[in-house]
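Trainee:
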Amino acid sequence: AFAVAAHLDTEILLMDEVLAVGDAEFQKKCLGKMGDAAEAGRTIVFVSHNMAAVQRLCGRGVLLNRGMVAAAGPIGAV
Numbered sequence: 057a058f059a060v061a062a063h064l065d066t067e068i069l070l071m072d073e074v075l076a077v078g079d080a081e082f083q084k085k086c087l088g089k090m091g092d093a094a095e096a097g098r099t100i101v102f103v104s105h106n107m108a109a110v111q112r113l114c115g116r117g118v119l120l121n122r123g124m125v126a127a128a129g130p131i132g133a134v
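In this text, residue positions in the sequence shown follow this note's numbering: the first is 57, and each later residue adds one.
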């Protein structure tokens with residue numbers, strides 16, 4: 057599904073735990089494609105428990121706790 061979404065010309069991509077599957081090479085390729093999309097001005101909503109990937113890809117973050125916003129702001133602070 058990621059391969060299809062990465063090649064569509066949409067303004068917003070919603071990526072929910074896309075890095076939870078696949079090997080390291082697949083994950084690296086996914087992060088690269090998401091980075092390219094972000095640099096092209098597309099909005100990416102990236103949902104993950106992988107903090108290293110979140111910090112690499114995101115400039116801003118929203119932390120949810122039981123469906124409520126617990127924190128929002130620069131990724132390093134959140």
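Glycine residues also receive a C-beta, built at the ideal position from the N, C-alpha and C atoms.
None of these values were measured; they are calculated from a predicted model.
Using a 10 Å radius around the Cβ and a threshold of 16 neighbouring Cβ atoms, would you call Lys84 buried or exposed?
Mentor: exposed
Trainee: Any idea if Met124 is buried or exposed, counting beta-carbon neighbours within 10 angstroms, 16 or more meaning buried?
Mentor: exposed
Trainee: Use the C-beta contact count for Val28: other C-beta atoms within 10 angstroms, 16 or more gives buried, fewer gives exposed.
Mentor: This structure cannot speak to residue 28, because the chain is shown only from 57 to 134.
Trainee: Please give the ranges of any beta strand (DSSP E) in the stretch 72-121, keeping only runs that are unbroken, at least 3 residues long and fully inside the region.
Mentor: 99-103 and 116-121
Trainee: Cα separation between Ala133 and Leu87?
Mentor: Answer to the nearest angstrom: the Cα atoms are 22 Å apart.
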